[in-house]
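K.L.:
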Amino acid sequence: MNIAVLASGSGSNFEAIAKAVKTNYIKACLKVLITDNEKAFVRVRAKRFGIKDIFVNPKHFSSRVSFDKHIAKILKNEKINLVVLAGYMRVLSPYFVRQFQHQIMNIHPALLPAFKGTGAIERAYRYGCKITGVTVHFVDEKVDHGPIIVQGHVVRGEGMRLEELEKRVHKLEHILYPLAIKLYVERKLKIKGRNVKII
Ligand code: GRF
3 MNIAVLASGS GSNFEAIAKA VKTNYIKACL KVLITDNEKA FVRVRAKRFG
53 IKDIFVNPKH FSSRVSFDKH IAKILKNEKI NLVVLAGYMR VLSPYFVRQF
103 QHQIMNIHPA LLPAFKGTGA IERAYRYGCK ITGVTVHFVD EKVDHGPIIV
153 QGHVVRGEGM RLEELEKRVH KLEHILYPLA IKLYVERKLK IKGRNVKII
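With this note's numbering, letter number 153 in the sequence shown gets 155, and the count goes up by one each step, no holes.
1. So which residues touch the region around the ligand GRF, with touch meaning a C-beta under 5 Å from any heavy atom?
2. Among residues of its own chain, excluding the 5 on either side of Pro60, which ones have a beta-carbon nearer than 6 Å to its beta-carbon?
3. By alpha-carbon positions, which one of Gly159, Lys54 and His72 ends up nearest to His62?
4. Determine whether the beta carbon atoms of Asp146 and His110 lie at a separation below 8 Å.
5. So what's Gln103 in DSSP terms, helix, strand or just coil?
6. What residue range is occupied by the uninterrupted beta strand (DSSP E) comprising Lys192?
7. What whole-angstrom Cβ distance do Phe82 and Lys33 have, given they're in contact under 8 Å?
8. Find out if the Cβ-Cβ distance for the pair Ile133, Arg100 is shorter than 8 Å.
9. Leaving out the 5 sequence neighbours to the left and right, which residues in its chain are closer than 6 Å to Ala30 when beta-carbon positions are compared?
10. If I measure Cβ to Cβ from His176 and keep anything under 7 Å in the same chain, skipping five residues before and after, which residues do I get?
11. Please name the residue in Ser65, Leu84, Arg66 and Ile36 whose C-alpha comes closest to that of Ile183.
12. In its own chain, which residues sit with a C-beta less than 8 Å from the C-beta of Val156, not counting the 5 before and 5 after it?
13. If we ignore side chains and look at the alpha-carbon of each, how far apart do Arg50 and Val44 end up?
14. Between which two residues does the alpha helix (DSSP H) containing Ala1 stretch?
Dropping the structure here:
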């Protein structure tokens, strides 16, 4: 099975996935990293792992769909079976989602459907949540919405600072994302409507 990661930023999740592939926890090929941000640190991480990285400049495209069509073409050429969004700061067009039905995953740093969108950890913290967490889900045409694969919680201890909560959420992400991908690769995920059964 061939995996592609789409990312725009630091890439700590990319690194967790690359390690899981390298150690054979995930038995698949991490073929390519695609980014829309030329300066993203995730590119440095890809180079360290010897994984092909492709920067696609959004400025060279007149619309979101034409950009997504280009990315979809790359993914088809690379024979990608699973598209993994890891801090990818673009909303996918319905066109793209339809090209890869149930083959796109995303990770969100909160317990969906709470705190959709960006800045979720901080928003949960400021809201006063005592429990927050991480969600890995399949991507559909709505943002942070598709069928949930795995979730994990993080307890916000008394007096915990935002930085500590962020650290704990990210640590959990680095466990849950490789797990969800492993389950997918081993064909252990069965989707029925909104429900994803782990078999
Ligand atoms: C993660 O918190 C992820 O949940 C969110 O964006 C962040 C990406 O972090 N979608 P990194 O680039 O993987 O370090």
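Cβ coordinates follow ideal geometry from the N, Cα and C atoms, glycine included.
P.N.:
On the basis of the coordinates in this document:
1. Gly11, Ser12, Gly13, Ser14, Asn15, Ala88, Gly89, Ile109 and Pro111
2. Translated into the one-based positions of the sequence shown, residue 60 becomes position 58. Excluding sequence neighbours, Pro60 sits near Asp38 and Phe69.
3. What you label residue 62 is simply residue 60 of the sequence shown in a count that begins at 1. Comparing Cα positions, the closest option is His72.
4. Along the sequence shown, read from residue 1 onward, the residue named residue 146 stands at position 144. Along the sequence shown, read from residue 1 onward, the residue named residue 110 stands at position 108. In this structure, Asp146 places its C-beta atom within 8 Å of the C-beta atom of His110.
5. Within the sequence shown, numbered from 1, the residue matching residue 103 stands at position 101. Here Gln103 sits in coil by DSSP.
6. Looking up residue 192 in the sequence shown gives position 190. For Lys192, the uninterrupted beta strand (DSSP E) segment begins and ends at Leu191 to Lys194.
7. Taking the sequence shown and counting its residues from 1, one reaches residue 82 at position 80. Taking the sequence shown and counting its residues from 1, one reaches residue 33 at position 31. Residue identity check: residue 82 is Ile in the sequence provided, not Phe. Indeed they touch by this definition, with Cβ atoms about 7 Å apart.
8. Your numbering for residue 133 matches position 131 in the sequence shown. Your numbering for residue 100 matches position 98 in the sequence shown. For Ile133 and Arg100, no; Cβs fall outside 8 Å.
9. For this step, residue 30 is matched to residue 28 along the sequence shown. So the list reads Met3, Ile5 and Val187, once near-sequence residues are dropped.
10. Within the sequence shown, residue 176 is the residue found at index 174, counting from 1. Result list for His176: Ser14, Asn15 and Ala18, in chain order.
11. Numbered from its first residue, the sequence shown carries residue 183 at position 181. Nearest option by C-alpha distance: Leu84.
12. Taking the sequence shown and counting its residues from 1, one reaches residue 156 at position 154. Closer than 8 Å at the Cβ level, and outside the excluded window around Val156, lie Ile133, Thr134, Gly135, Val136, Leu167, Arg170, Val171 and Leu174.
13. In the sequence shown, residue 50 corresponds to position 48, counting from 1. In the sequence shown, residue 44 corresponds to position 42, counting from 1. Per the coordinates, the alpha-carbon of Arg50 lies some 10 Å from the alpha-carbon of Val44.
14. No statement about residue 1 is possible, as the shown extent of the chain runs from 3 to 201 and does not include it.
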